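Here the structure comes first, spelled out in structure tokens, and everything after it is commentary.
Numbering (this note's numbering), first residue to last: 1036 to 1115.
And the structure:
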């Protein structure tokens, strides 16, 4: 049986992740203009986006002309 998956690049860390028939390592961020991030970025920013990731999100949102969501109680941009 052929392997049915595609490799994609995380829009935050630029690492490669897999998406396919039974493998879904990408996470769509609807609040951030529908970008897709890898499982590592998703998992390790559960309490809000780390400052070095927030800078990248701010740039992406500015390029798309979209507003940023309000920051959470800890002062981080929320994961979702």
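Here a beta-carbon is modelled for each residue, glycine too, at the ideal position from N, C-alpha and C.
Computed from a predicted model, the values in this text were never measured in an experiment.
- The C-alpha of residue 1087 is placed about 10 Å away from the C-alpha of residue 1048.
- The three-state reading of DSSP puts residue 1092 in helix, counting H, G and I together.
- Around the CB of residue 1071, 16 or more other CB atoms lie within 10 Å, so the residue is classed as buried.
- Straight across, the Cα-Cα distance linking residue 1107 with residue 1078 is about 17 Å.
- With respect to residue 1053, residue 1042 sits close: the two C-beta atoms are nearer than 9 Å.
- In chain order, 1092, 1111, 1112, 1114 place their CB closer than 7 Å to the CB of residue 1084, counting only its own chain and leaving out the 5 sequence neighbours on each side.
- The three-state reading of DSSP puts residue 1043 in strand, counting E and B together.
- Pairing residue 1096 with residue 1061, the inter-Cα distance amounts to about 19 Å.
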